[in-house]
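First the structure, in the form of structure tokens, and then the observations on it.
Chains as they are written, first to last, in this note's numbering: chain A, 1 to 151; chain B, 1001 to 1097.
Here it is, written out as structure tokens:
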């Protein structure tokens, strides 16, 4: 079973948590991202996600590696992200972080979703009744700064 | 791969490499395709490729400023040299989760 996956299939939290099952595990913290019905007061009809799947799975794996280096008590990380057309209320992403004890699983889970939004090549289009737009949380200034650093 | 060019009556050969360029999200939609094979000069960098793309496909102009680029699925800087057969991905700001 893959720990880091991009899929078009509907997601199940139980399925992702089950991928981490080990006798040594005493705690699993999960984050579940769900399609919201409105953004900035505008009613969303659906979200369309696309990815560069091969690279996205490698970047998810990289996040798992970063977490285990930062928090050595973390045993395993699983991140599964759905792509395609998603309706309101459907699950977009499931992150599960396991450890013998709970303490560091919360920070690690938080890190995973923030990092996902930074480096994983997945894109989201919001579709409203009378329009659509590609959305990213990355700020223009931050991107400009990164661009400068590369040049 | 080489391309013959007439140069003052003299025929010279300019060496070319072929790269596959992948597009996603907004620039993909604007371009109307998700993949282009492009022949560029040997020694071209990512920055050179972006310039070629912008010249050849003006519709990409507004997207190139904030583009990240991956070569063979790893993020790279603009000065990275490209090689024959590379897969170059033009990555607009990501929006997963």
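Ideal Cβ placement from N, Cα and C applies to all residues, glycine included. A quick note: this is a predicted structure, and the numbers were derived from the prediction, not measured.
The CB of residue 134 of chain A comes closer than 9 angstroms to the CB of 1025, 1026, 1029, 1092, 1093 and 1095 in chain B, given here in chain order. Taken atom to atom, the span from the alpha-carbon of residue 1043 of chain B to that of residue 1035 of chain B is near 22 angstroms. The Cβ neighbour count for residue 1046 of chain B, taken over all protein chains shown within 10 Å, is at least 16; the residue is labelled buried. According to the DSSP assignment, residue 1046 of chain B belongs to the alpha helix (DSSP H) that extends over 1046 to 1056. Counting C-beta pairs closer than 8 angstroms gives fewer than three between the segment 88 to 106 of chain A and the segment 1064 to 1073 of chain B, which falls short of the contact rule.
Counting only runs of 3+ residues, the beta strand (DSSP E) found wholly inside the segment 14 to 40 of chain A occupies 27 to 34, in chain order. Measuring C-alpha to C-alpha distances from residue 1064 of chain B to each of B:1017, B:1018, B:1025 and B:1086 identifies B:1025 as the nearest. Chain B has a Cβ within less than 9 angstroms of the Cβ of residue 124 of chain A.
Rounded to whole angstroms, the separation of the alpha carbons of residue 50 of chain A and residue 1040 of chain B is 28 angstroms. For residue 45 of chain A, there is no enclosing alpha helix (DSSP H); the enclosing beta strand (DSSP E) covers residues 42 to 51.
Legend: CB atoms of the segment 24 to 37 of chain A lying less than 8 angstroms from CB atoms of chain B belong to residues 33.
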